[in-house]
Amino acid sequence: MATIKPAKDGPLMVKDVPILRDADGQNITPDTPSIALCRCGASKNKPFCDGSHKDAGFSSENPDTELRTSAISYVGEVEGHVVTVSYTPALCGHVAECVRMQGIVFDPDRKPWIQPENGTIEGICEAVAACPSGALRVGLGQATPKHIEKNDTLIAVVENGPYVVNHVKIDADPGAEGASKNEYILCRCGQSKNKPFCDGTHHDTGWKDTP
């Protein structure tokens with residue numbers, strides 16, 4: 001079974017993950033089935049840990065900050081059906097796949113930023129399926145909004161962003177409504193207020209993953 005265990009004040013200890021993919025979409029083949037992935041943002045051998053967390057004084061503890069862990073529902077009529085898109089801010093890493101794919105529905109510069117009535121059911125479902133963090137869910141009619149999950153078991157690096165993780169068991173709980181156990185994102189910059197999970201801080205601070 002593929003697993004991730006966050007080490008206290010240290011890296012992500014990963015075992016038996018069949019696919020590790022870099023930011024260019026290329027598969028990385030580690031020398032061993034057990035690897036340590038950097039999550040302090042300081043390694044000079046990213047995505048692997050090189051011990052820089054010790055010199056950087058990285059702490060895996062989270063500050064006493066109130067996170068937006070409750071889900072928000074956005075409802076609209078789409079093609080004669082009531083469509084509900086559920087969104088949990090604390091889970092979002094601002095990877096912005098939803099904006100890229102369906103900017104007519106998902107627009108952070110507009111209020112409300114999600115307007116299902118502007119899109120199609122197919123387009124909304126595709127955008128929700130592309131969300132790597134589990135922050136988005138969709139439901140038709142009276143159905144409870146759900147994730148649209150992928151099948152691959154992998155860890156993928158997002159350039160200047162988080163780790164995207166599919167179907168890997170992790171020894172941690174994001175503590176947010178609607179979180180998926182199968183699809184989530186993990187902090188690489190070391191600055192998240194919800195470690196080991198990404199909360200989008202890399203986006204807000206302009207973090208870069210180059211040494």
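If you read the sequence shown in full-length UniProt numbering, its first letter stands for residue 1, the second for the next number, and so on.
Don't be surprised by glycine CBs; every beta carbon is placed ideally from N, CA and C.
Classify residue i: buried if its beta carbon has 16 or more other beta carbons within 10 angstroms, exposed otherwise.
{"i": "residue 212", "result": "In the structure as shown, the chain starts at 1 and stops at 211, and residue 212 therefore has no counterpart that could be examined."}
{"i": "P108", "result": "exposed"}
{"i": "G25", "result": "exposed"}
{"i": "N166", "result": "buried"}
{"i": "T201", "result": "buried"}
{"i": "P112", "result": "exposed"}
{"i": "D171", "result": "exposed"}
{"i": "K146", "result": "exposed"}
{"i": "S192", "result": "buried"}
{"i": "G119", "result": "buried"}
Under the assumption that residue i contacts residue j (Cβ atoms under 8 angstroms), give the Cβ distance between them as a whole number of angstroms.
{"i": "K169", "j": "T3", "result": "5 angstroms"}
{"i": "T153", "j": "P47", "result": "At roughly 17 angstroms, the Cβ-Cβ gap does not stay under 8 angstroms, so T153 and P47 are not in contact."}
{"i": "T88", "j": "G178", "result": "5 angstroms"}
{"i": "C40", "j": "G190", "result": "4 angstroms"}
{"i": "N194", "j": "A90", "result": "6 angstroms"}
{"i": "K8", "j": "S60", "result": "6 angstroms"}
{"i": "P116", "j": "Y74", "result": "6 angstroms"}
Please identify the residue among the options whose C-alpha is closest to the C-alpha of residue i.
{"i": "A156", "options": "D173, S133, A143, D199", "result": "S133"}
{"i": "Q142", "options": "V83, Q191, C92", "result": "V83"}
{"i": "G93", "options": "V164, D64, I35", "result": "V164"}
{"i": "A23", "options": "K146, V95, R110, S180", "result": "V95"}
{"i": "P30", "options": "S86, R100, K15", "result": "K15"}
{"i": "V138", "options": "I72, G161, K181", "result": "I72"}
{"i": "S86", "options": "C125, N182, L186, L67", "result": "C125"}
{"i": "A176", "options": "F197, P162, G161", "result": "F197"}
{"i": "H203", "options": "P174, S180, G161", "result": "G161"}
{"i": "E77", "options": "D209, N151, L136, I114", "result": "I114"}
{"i": "D209", "options": "C38, S180, R100", "result": "C38"}
{"i": "P63", "options": "F106, D199, G206", "result": "D199"}
{"i": "C187", "options": "R100, M1, F58", "result": "F58"}
{"i": "C101", "options": "R110, G123, N118, H81", "result": "The sequence given here has Met at residue 101, not Cys. Of the candidates R110, G123, N118, H81, the one whose C-alpha sits nearest the C-alpha of M101 is G123."}
Please go through the same chain and pick out, in chain order, the residues whose beta-carbon is closer than 8 angstroms to the beta-carbon of residue i, but skip the five residues on each side of it.
{"i": "E97", "result": "A127, A130, C131, P132"}
{"i": "R21", "result": "N27, I28, L154, I155, A156, V157"}
To which residues of the same chain is residue i closer than 6 angstroms at the C-beta, ignoring the five residues directly before and after it?
{"i": "E79", "result": "I121"}
{"i": "G10", "result": "H53"}
{"i": "S34", "result": "K15"}
{"i": "D55", "result": "none"}
{"i": "I185", "result": "G93, P132, S133, P162, V164, C198"}
{"i": "L12", "result": "I4, P6, L37, R39"}
Which residue marks the beginning of the beta strand (DSSP E) containing residue i, and which one marks its end?
{"i": "H81", "result": "81–87"}
{"i": "residue 238", "result": "No answer is possible for residue 238: it lies beyond the span of the chain, which begins at 1 and ends at 211."}
{"i": "V14", "result": "12–15"}
{"i": "I72", "result": "72–78"}
{"i": "T205", "result": "Unbroken run through T205 is the alpha helix (DSSP H), 201–205; no beta strand (DSSP E)."}
{"i": "E183", "result": "183–186"}
{"i": "A36", "result": "34–37"}
{"i": "I155", "result": "154–157"}
{"i": "P6", "result": "3–6"}
Would you give the residue range spanned by the alpha helix (DSSP H) that residue i belongs to?
{"i": "K54", "result": "52–56"}
{"i": "residue 275", "result": "What the structure shows of the chain is the stretch from 1 to 211, and residue 275 is not part of that stretch, so it cannot be assessed."}
{"i": "V165", "result": "No alpha helix (DSSP H) contains V165, which is instead part of the beta strand (DSSP E) from 163–166."}
{"i": "E97", "result": "97–101"}
Looking only at its own chain, which residues have a Cβ that is under 7 angstroms from the Cβ of residue i, when we skip the five neighbours before and after it?
{"i": "N182", "result": "E149, N166, H167"}
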